[in-house]
Structures are given as C-alpha cells and as structure tokens.
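Notes follow once the structure below has been shown.
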Amino acid sequence: MTRRAVVEGVGHYLPDRIVPNSHFEEFLDTTDEWIRTRSGIERRHFAAEGETTSDLAVRAARAALDSAGLGVNEIDGVLVATSTPDLTFPSVATMVQSALGMSHGFGFDVQAVCAGFIYALTNANALIVSGQATRLLVIGAETFSRIMDWEDRSTCVLFGDGAGAVVLCAEEGTGTSSDRGILAADLNSDGRYRDMLYVDGGVSTTGTSGKLRMQGNPLFRQAVEKLTSTAEAALQRAGLSHDDIDWIVPHQANIRIIAGTAKKLGVSMDRVIVTVQEHGNTSAASIPLALSVGVAEGKIKRGDLLISEAIGGGLAWGAVVLRW
Ligand code: UT7
Numbered sequence: 010m011t012r013r014a015v016v017e018g019v020g021h022y023l024p025d026r027i028v029p030n031s032h033f034e035e036f037l038d039t040t041d042e043w044i045r046t047r048s049g050i051e052r053r054h055f056a057a058e059g060e061t062t063s064d065l066a067v068r069a070a071r072a073a074l075d076s077a078g079l080g081v082n083e084i085d086g087v088l089v090a091t092s093t094p095d096l097t098f099p100s101v102a103t104m105v106q107s108a109l110g111m112s113h114g115f116g117f118d119v120q121a122v123c124a125g126f127i128y129a130l131t132n133a134n135a136l137i138v139s140g141q142a143t144r145l146l147v148i149g150a151e152t153f154s155r156i157m158d159w160e161d162r163s164t165c166v167l168f169g170d171g172a173g174a175v176v177l178c179a180e181e182g183t184g185t186s187s188d189r190g191i192l193a194a195d196l197n198s199d200g201r202y203r204d205m206l207y208v209d210g211g212v213s214t215t216g217t218s219g220k221l222r223m224q225g226n227p228l229f230r231q232a233v234e235k236l237t238s239t240a241e242a243a244l245q246r247a248g249l250s251h252d253d254i255d256w257i258v259p260h261q262a263n264i265r266i267i268a269g270t271a272k273k274l275g276v277s278m279d280r281v282i283v284t285v286q287e288h289g290n291t292s293a294a295s296i297p298l299a300l301s302v303g304v305a306e307g308k309i310k311r312g313d314l315l316i317s318e319a320i321g322g323g324l325a326w327g328a329v330v331l332r333w
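Numbering-wise, the numbering used here puts 120 at position 111 of the sequence shown, and it's gapless, one number per residue.
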C-alpha cells in the first residue's frame, strides 16, 4: 500500500469588486483591445479597502472545508502560498488558523510567487506521505492590487486578487498511476532571472513593501519553454504521458502562454481550464481558483488526470500531476 495525498475538497473566494479593462482606459494610455488580445484578460477582482489576503484565504478555506465535509478540528495544518501577506509576520497561515478557531496543529506560508501553490502542494504532499500530517488545508491567496504601480501600464492591467483552497487527505493507494491523489511533482528555481519579475521594496532594503516590476516579453519566452519542460518532467516521474492528461489546470498569467504550453504538450485547448479572462493573474491563487471553477462548472470529475504548472518571480517554476 502507498500513502497518497488526495484532494477531498476545493473552494474559492473572489472579492466583490469586478474591474473591467475599460477602467484602465480612464487613466492610462491603454485599451481594452490591447489587454484582451495580448493577455486574454477581460476583467479582474480587486479587494475592498481593508480587505486583506487572510480575509480572502479564510473565505476560500471555509468553502474547501465545506466541500470536503470536514470541520476544522479534523485538520492538522494550514499552508498558505502568498507573496502579499497581511503583515511581514506572523504568517497568513496562522491568521487563517485563528480566524477558523483552530488552536491546534501548525500553519506556515510558502513564498514562491506565482509558483507558490505548486510549491505548497508539493510540501503538503511530502508532509502527508511521510506521516507528519493526515489532513491539510492548502491555500493560495493574494492581493496583488496592493503592489501595483498604477502608472505602469505594462503591469497593472494584468493582475487581480482572489483565493482558492484545497483539503488534502491521506488515503491508501496501490502505488500505481491509477491512484487518486498527487502522483508526482517537479520544482525548479533559478535566481539568475530575478530581474525579470520582482518587487522593488522589502523589509531589509527599502523598509517598504514596494511595487511589482516585470520584463514581460523576455519572461513570456522563458515561460512557455520552462512550463513545458517542468510538465514533461512531472509526467515522466509519474510514468505518464500527455495522452493521459484529462485537464491542464495552468497558472493563469496570459492566454497566449497557456495556449503555447498546451500546444507544446500536445493537449487541445478544450482540455484546459481557463479563467484568466475573468480573474487576471492572481499569482499563487490562480491554480486553486481554476481548480475550484473547473469543478464547479462540472468539467473536472473524480478520477480525472490533472496537470498543473506555474512560473513566476525568482524565477521559480514547477508542476504537479494529480488524479482528482
Ligand atoms: O505570473 C508570472 C508570470 N508572468 C508572465 O508570465 C507574464 C509574461 N508576459 C506577458 O504576459 C506578456 O509579455 C505581456 C502581456 C506582459 C506583454 O505582451 P507582449 O506581447 O510581450 O508585449 P510587449 O511587452 O512586447 O509590448 C508590446 C508593446 C510595447 O510598445 P512598443 O515598445 O512596441 O512600442 C509596449 O510599450 O505594447 C506596449 N504596451 C502596452 N500598450 C497598451 C505595454 N503595455 C501596454 C498596455 N497598453 N497596457
């Protein structure tokens, strides 16, 4: 028997305020047409004043717990993938714990920017497979609107706020790729690319939280290549091929990156969950948001073979293969 980490619940939360592309035409030299054709984004959600990353994370966590039919007392720990925490410390995860009324177990944040949920899922899988934990909440939550430079048209039109969560539970599998749960993962990072996507402030430099800076076009070219290779590595590790994929649930940065990667992986776009038009790029929240939407729309079904891949600041990138 092989211990597996299986997704038993999923949920998401998006802030009420929906901002269409036309909003940016009011104060920037940009157009709805440019944003739509270059990125695929049509609208995004922005958190209300005073609404924090932990607020979004708690709403998503409650939805995931409800969908799993589990109470917080049955959860051993909380992992939150985020690069936009409420405070420098304590972690968003401990804030979620306290908001849920959870005084047992553990909580910590994972910071791998847009690849954060892949990193958090991989860590949660290791904790479950090693027997350290039995049930974990894994959340991706961001308020990227707080780190936008509203005068930089090349970045501020691309990002949004939101949160998604899954409940991962230990289950016995057969050790084959027909098991439900996380089957394989692949993680990478290369700090030589740090200038491609970063925030120009921080605790030990400026003492401010800073604003996001991105070299969009060079990153675009890195993205398709690295997402394809990490997806292939994860599939190979699982003993599977692109023919086995039911759904790609990718990081939602740009429809052209999503389509380019799917094409290289030999998967048609009708097998890809796409939410970028509705959410924009929500960094670490984008994959759990897409998982939750994919399930709610009746696309992702029990037993389906999923691959998720993401890349972001660092650069950090990776992929997870799981059977739903
Ligand atoms: O989640 C982390 C990972 N993030 C990514 O992977 C993002 C990767 N990059 C991208 O998605 C794309 O590179 C962008 C959507 C950011 C840009 O698309 P692009 O096709 O690479 O365009 P570009 O950067 O080459 O810019 C083309 C032109 C430039 O004008 P010139 O120099 O050709 O005259 C830009 O100044 O578009 C201009 N531009 C804009 N025009 C209107 C840049 N932003 C805007 C804008 N509205 N908002």
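Where a beta carbon is used, it is the ideal one built from N, C-alpha and C, also for glycine.
None of these values were measured; they are calculated from a predicted model.
query                                                                                                                                   : result
Residues that DSSP places opposite Y128 in a beta bridge                                                                                : BP columns for Y128 are empty, so no partner.
Residue from D161, F168, S163 whose Cα sits closest to the Cα of S154                                                                   : F168
Reduced DSSP secondary structure (H/G/I, E/B, other) of W256                                                                            : strand
Per-residue DSSP class, three states only, for R280                                                                                     : helix
Residues sharing a beta bridge with F55, DSSP                                                                                           : R26
Proximity test, H260 beta-carbon vs the ligand UT7 heavy atom, cut-off 7 angstroms                                                      : yes
N-terminal and C-terminal residue of the beta strand (DSSP E) that T170 is part of                                                      : Correcting the residue type first, residue 170 is Asp in the shown sequence and not Thr. Taken as a continuous stretch (DSSP letters only), the beta strand (DSSP E) holding D170 covers 170 to 182.
Rounded distance between the beta-carbons of D199 and R13, thought under 8 angstroms                                                    : Actually they do not touch by this definition, with Cβ atoms about 30 angstroms apart.
Coarse secondary structure for T152, derived from DSSP in three states                                                                  : strand
Inside the segment 85 to 109 only - alpha helix (DSSP H) runs reaching at least 4 residues                                              : 101 to 109
Residues near I264 in its chain [Cβ-Cβ closer than 6 angstroms; skip 5 each side]                                                       : G49, V285
Every unbroken alpha helix (DSSP H) within the segment 207 to 258, with a cutoff of 4 residues, ordered by chain                        : 225 to 246
Of the listed residues A240, V67, S238, L130, nearest to T103 (C-alpha basis)                                                           : V67
For L331, the first and last residue of its enclosing beta strand (DSSP E)                                                              : 325 to 332
Secondary structure of N263, DSSP reduced to three states                                                                               : coil
Neighbourhood of P259 by C-beta, 6 angstroms cutoff - its chain only, sequence neighbours within 5 removed                              : I267, E318
Same chain, Cβ closer than 6 angstroms to L23, five either side skipped, listed in chain order                                          : H54, G171
Selected residue, minimal CA-CA separation from M223, among A142, C123, T164, L37                                                       : T164
Any non-hydrogen atom of the ligand UT7 within 7 angstroms of V285 CB                                                                   : no
Nearest neighbour of A57, chosen from L192, H251, T185, T152 [CA to CA]                                                                 : T152
Proximity of I257 and I316 at Cβ, strictly below 8 angstroms                                                                            : yes
Coarse secondary structure for F115, derived from DSSP in three states                                                                  : strand
Contacts around G269, its chain only, beta-carbon distance under 7 angstroms, and the 5 residues preceding and following it disregarded : V233
8 angstroms Cβ cutoff met for A293 and G116                                                                                             : no
Near the ligand UT7: L167 beta-carbon under 7 angstroms from a heavy atom                                                               : yes
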